[in-house]
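Protein chains in written order, with the UniProt record's numbering: chain A, 1 to 215; chain B, 1 to 244.
Data first, discussion second: the structure below is written as structure tokens.
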């Protein structure tokens, strides 16, 4: 067994750069996933078929295809028609779009969990559709699903290294770059350990939160 | 446009490798999931702890990083070498095996305790109880979350392209480099993954109906497309939703 700790030391400055980029992608990706997911979920309950159907098909399609291929698509194909984006931006859009289709399922469960009486009460008070959603249904639906949404932050963190494939220098991208430049292999282990160190406490925390919020 | 020569030489073999990687890593995950899931319901805390640790570790790592680690770190450190495909299947199988063990555990926990007690009363050994009483009842519960997980695994196989396994994503990447063409190839790729996911979902539905009929439950009717996946795989994986 040959292992050289000095490579681990040398890699650390690059590693922190990677952490910064990973966290940036995670933050903005989460924002997109959480807000767009809500849009999908509400649109899927629309009475109009021409809204409901396309949304169902699109979200089903996005959910059934790999994030990696979607990232390639956004990075290599979309610029042929429109704007070209930096690797980080592509990563953010890709993560956000992909996981918005998952969070929409979470919101949907939350919305379905709101008792039917609440809808009827809103109708009885002759609230507009908009007010029914914003003042009655969504505040109750969203509170319930916060822990489940938190799970997707962890999952997005774990899937974010795929950005490295389109050249975003996240934790894994930095490790790859360092390893290839120096013909060493220790850097990837640092990244692997980093994921356990971040993700495990986060998931424990979520479970505690869940026990508190959902009862 | 894509030439037929490219199709035969690169793309079709890539499709076949994707199928192979999916089936092999699903088989490995399945083989891992059952013992680990059963051990997680053990009455000895140390057994429970070790099996649980396996789940927690692989739930907390990124499968891509783990795959890179197996492919690029393990060979030089331990002085061994293997094919990239072996590394990919191993990484996917171990990761998804951990997720699947959670499904097995959840489904076993959902079998009414009286069933286990009845087995004890009949003087069944623990293994007989598992085989004759608990697993047959838990099995239909497992199929829907397994179905979700299988789709996630299918999508996960695209990662093997990054460790130079020639699956269909890799073939697509190659075409982009060689022919400088991306729109048709990535569109085709996305469509293919979707079709594969659809076929898997349908297949698992049939399996579920069959399993439910065998233990005398009435399988629910489903439309062809409606609610292709009601719950997402990763819910099951992280312990919210999925198997109760």
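Where is the CB? At the ideal position from N, CA and C, for every residue including glycine.
Contact check for residue 166 of chain A and residue 75 of chain A: beta-carbon distance about 4 Å, within the 8 Å limit, so the pair qualifies. Between the alpha carbons of residue 199 of chain A and residue 157 of chain A lies a distance of about 8 Å. Contact annotation: residue 142 of chain B and residue 104 of chain B have beta-carbon atoms nearer than 9 Å.
Per the coordinates, the alpha-carbon of residue 217 of chain B lies some 45 Å from the alpha-carbon of residue 27 of chain A. Taking 9 Å as the cut-off, the Cβ atoms of residue 155 of chain B and residue 191 of chain B do not count as close. DSSP places residue 9 of chain A within a helical segment (H, G or I) once states are collapsed to three.
Note on geometry: alpha-carbon atoms of residue 183 of chain A and residue 28 of chain B lie some 32 Å from one another. Identification of residues in the stretch 145-171 of chain A having a C-beta nearer than 9 Å to some C-beta of chain B yields 147, 148, 151, 152, 154, 155, 157, 158, 159, 160, 161, 162, 164, 165 and 171, given in sequence order. Those residues of the stretch 67-93 of chain B placed with their C-beta closer than 7 Å to a C-beta in chain A are 68, 69, 72, 73, 76, 77 and 78, ordered along the chain. Around the Cβ of residue 96 of chain A, a 10 Å sphere holds 16 or more other Cβ atoms; the residue is buried.
The Cβ atoms of residue 20 of chain B and residue 85 of chain B lie closer than 9 Å to each other. Taking the Cα of residue 67 of chain A as reference, the smallest distance to any Cα among A:84, A:54, A:181 and A:100 is reached at A:100. Cβ contact annotation for residue 118 of chain B (same chain, cutoff 8 Å, sequence separation greater than five): 133, in chain order. Counting C-beta pairs closer than 8 Å gives fewer than three between the stretch 33-51 of chain B and the stretch 167-187 of chain B, which falls short of the contact rule. Using a 10 angstroms sphere on the CB of residue 112 of chain A, the tally of other CB atoms stays under 16, which defines it as exposed. Rounded to whole angstroms, residue 144 of chain B and residue 42 of chain A show a C-alpha spacing of 25 Å. Straight-line measurement puts the Cα of residue 46 of chain A at about 44 Å from the Cα of residue 10 of chain B.
Counting along the chain, residue 83 of chain B sits inside no alpha helix (DSSP H), nor does DSSP assign it H or E at all.
Shown in chain order are the members of the stretch 49-80 of chain A whose Cβ falls below 8 Å from a Cβ of chain B: 60, 61, 63, 64, 65, 66, 67, 68, 69, 70, 72, 73, 76, 77 and 80.
Taking residue 90 of chain A as the centre and dropping the five residues before and after it, the same chain places the C-beta of 71, 74, 75, 163, 166 and 168 closer than 8 Å to its C-beta, in chain order.
The Cβ atoms of residue 96 of chain B and residue 77 of chain A lie no closer than 9 Å to each other. In the DSSP assignment, residue 168 of chain B falls within the alpha helix (DSSP H) that extends over 168-179.
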